[in-house]
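Numbering (this note's numbering), first residue to last: 1 to 904.
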């Protein structure tokens, strides 16, 4: 949109930018979790800023061009833009928690009607935050008239208008200042205002140009909207910019004078005539450049550079001309200085502060040039993560960690509780908070919903719990992905989210799946009366939720809460019989956090089905699901839940390897924070559901989904242990499964990998194989696919049974499919990683060296799915198929030798 001088457009700079930015930023605490109306939203930047903290934001403006621009520019799930006026707001009654109105009231004269409309849309306990220029200081004192203003108010008129419609009104003042700021380093303190001529502090801000009021019928709102300081460098102030423009005009006049003089004066006369003017101009320009460069260097050293040198008044300075071409590209020497790999755009560690701000964003003067690297699917985080984690593992700092602090928002407090409950038998001393600590003194941190915090702990201490629905969330920007990558690990509860994050170039090695599951947090003896039949909590801004809630309220005693979380919410859940879970939009993922929180405190849940329902079988027995959009079926199911109420819902502690305990232990082991012995100890009460396990990685979604489609009868998916080297994680997984099988006293165990393929007759063939194996204990391993048979392997016997030909041999290689007798389970349980040579130290080479008694069949029971990507080696499986073909040819040759010798 075009800047007219009145409506603010991001990027224009100067005082108007500070005034608008500050007003919206001061509201960010107040709007957390709230439904907000931004009336006269303009081009939408303020509504977008509020949506970062608000539950939902409506931006309303009378200008259709502004609404069209805002809708196209700020496309977030929790924000919508509507055309309307202050006197006719297109919002339902009693639906808004906070109305924000900046730069509005002076542009029309329907003040009374505006107040009536604001009261209509506000909830009874809602608040209005509104600005107005003080006519005395804004216009009268300056003898100034703003052509865009229709009716300005004096302070007393503004006060009287608001107190007529609201019980409580708190007033603040705003204007641009030039001065000095002194604040306490720690704790709260009073801020005092002084005039430069006075030694006594004055209350508030003397002679503000603008008044900002917080108005409500409920006390306390003014404490949530705090005044303060929005800092900007003085070199981007209007005074300095105007001075630079004046210097440009001087230079232009000088160029014109040169052109004129060259036709009438000699070179000597021209130089003599211009030297004074040139010296004066250059002196001013050099002084400005030196000051700006000094400031830039100082801010660089602190990692807080707010100066866009490429757009600064000193853009044409000698230094900048030395560093950048005319088109803004950095010169070759600068590119070499900041980039380690110029093809991928990898920054050098020693000089990356030149290129990047402290928060990881590219500095403005490099943005245009560096955008081609940011847009590349080969984000530099991919290549750096492996080296980063290896260094962490070498240092041993994470392995020595003793304290683990969880930082979460009040809305996601349940995650901190579930983590602590799941890991209560670990060695860690836990603590948690809903604010980010000032100092990062703990050994490890888990940050839940990282986008909600301005600062983050150091990457070498940080595990991130990602909560956003990545494909639909406005948070999933390159900046957000950069924040995720700056960590030891990224945890996510959804396999679809993990796939989306991997598509956005986060390394799969950094991603960990951890399901959110309910754990019993409600005391077994419930001392609180369940006096709430039905509870809904969450945003009610979605129209589809409104349809459900209207129908529920007509039939049941329902309580609706749109801004409740933490202890207050959990106290309410302890009094609730049934929680209604209704999707915000039809294509939503299952809200596992909400479901887990409700169930953990004894409430039963009725929920719509979700698009990822197939992945949520763990909630099938805990939640009553109904089809999406079927309101009548939903009402029927709620009635059944109430009619069948016989006490609080109970959830079992983790009993198998599909819950939070094992998966969190898997994360901590993967980043080197806990040992294998500690994993065994944490999982000592867990049991495998059967002696048939599929070794899989949920972070590899294509392979994982393939394995789910090809499950053999009674087989279950075991999410394998992880290591920066895939073959080591694989080996640990076999060791873990074998040890657990021995603990559960299995006589043998079938383990196959997620890329194992089977023919349709596999079930019948397996029955014959198991019957054959049960006739004798003189075997260690049945191999369903010998992938790389040794030349020295010897086939000792060939036997026919049930139509199958069984080959006995003294060697085994390949772990695609195996049935392991107790003797082989003991071999696997004794395995230790003794080196990094993959020709000697992998789990299959370890078994091969022990020369176990092996039985196999031809044709093999299993195959290796060619289309899948290997999780152990940097190749696809097609490269392995040729090796397997040669191995089977070799096996058949050895078989024929035995058969022929027996026949002779």
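The C-beta atom is built at its ideal place from N, Cα and C for all residues, glycine as well.
Just so we're clear, the structure is a prediction, and the values are computed from it rather than from any experiment.
query	result
For residue 716, the three-state DSSP class (helix, strand or coil)	strand
Pairwise C-alpha distance: residue 563 and residue 364	38 Å
For residue 227 and residue 171, believed in contact at Cβ under 8 Å, the rounded distance	The pair is not a contact, with the Cβ atoms about 11 Å apart (cut-off 8 Å).
Assigned secondary structure, residue 613 (DSSP; H/G/I helix, E/B strand, else coil)	helix
Span separating the alpha-carbon of residue 399 from that of residue 387	17 Å
Close Cβ partners of residue 165 (< 7 Å) along its chain, the five nearest in sequence each way excluded	115 and 119
Sequence ranges, alpha helix (DSSP H) only - wholly within the segment 563 to 616, length at least 4	566 to 573 and 592 to 600
DSSP-derived helix/strand/coil call for residue 105	helix
Which listed residue (178, 179, 676 and 35) has its alpha carbon closest to that of residue 832	676
Which listed residue (528, 671 and 629) has its alpha carbon closest to that of residue 464	671
Where residue 883 falls: helix, strand or coil (DSSP)	helix
Helix, strand or coil at residue 288 according to DSSP, with G and I counted as helix	Low local confidence applies: a pLDDT of 46 at residue 288 is under 50, so the model's placement there is unreliable, with the coordinate-based value given in what follows. The answer is helix: DSSP assigns residue 288 an H, G or I state.
Reference residue 582, options 641, 206 and 542, closest by Cα	542
Limits of the alpha helix (DSSP H) - the one that residue 395 falls within	380 to 395
First and last residue of the uninterrupted beta strand (DSSP E) at residue 783	781 to 783
Counterpart residues of residue 692 in DSSP-defined beta bridges	750
Short Cβ contact (8 Å threshold) for residue 814 with residue 751	no
Residue 854 (DSSP reduced to helix, strand or coil)	strand
Reduced DSSP category for residue 456 - H, G, I as helix; E, B as strand; rest coil	coil
Closer than 8 Å to chain C by CB, residue 818	Of the protein chains in the structure, only one exists, and it is not chain C.
Inter-stretch contact at 8 Å, needing at least 3 Cβ pairs: the segment 633 to 651 / the segment 694 to 702	no
Boundaries of the alpha helix (DSSP H) in which residue 111 is found, first to last residue	111 to 121
Residue 95 versus 85, 72, 57 and 824, residue with shortest Cα-Cα distance	57
Which of helix, strand or coil DSSP assigns to residue 469	coil
With 16 other Cβ atoms within 10 Å as the buried cut-off, status of residue 185	exposed
Span separating the alpha-carbon of residue 313 from that of residue 412	With a pLDDT of 36 at residue 313, under the threshold of 50, the predicted position of this residue should be treated as unreliable, though the coordinate-derived value follows. Taking the straight line from one Cα to the other gives about 46 Å.
CB of residue 864 within 8 Å of CB of residue 843, strictly	no
Alpha-carbon spacing of residue 857 relative to residue 768, whole angstroms	11 Å
Where residue 172 falls: helix, strand or coil (DSSP)	strand
Spatial distance of residue 229 from residue 684 (CA atoms)	55 Å
Rounded separation between residue 635 and residue 545 - CA only	13 Å
Segment contact flag, the segment 71 to 79 with the segment 97 to 109, C-beta cutoff 8 Å, min 3 pairs	no
Option nearest residue 461 by Cα separation, candidates 470, 328, 820 and 440	440
Whole beta strand (DSSP E) elements within the segment 790 to 842, 3-residue minimum	795 to 801, 804 to 809 and 817 to 821
Residue 293 to residue 47 span [Cα, whole Å]	Model confidence at residue 293 stands at a pLDDT of 48, short of 50, so the residue's coordinates are unreliable; what they give is reported in the following sentence. Going from the Cα of residue 293 to the Cα of residue 47 covers about 35 Å.
Reduced DSSP category for residue 218 - H, G, I as helix; E, B as strand; rest coil	coil
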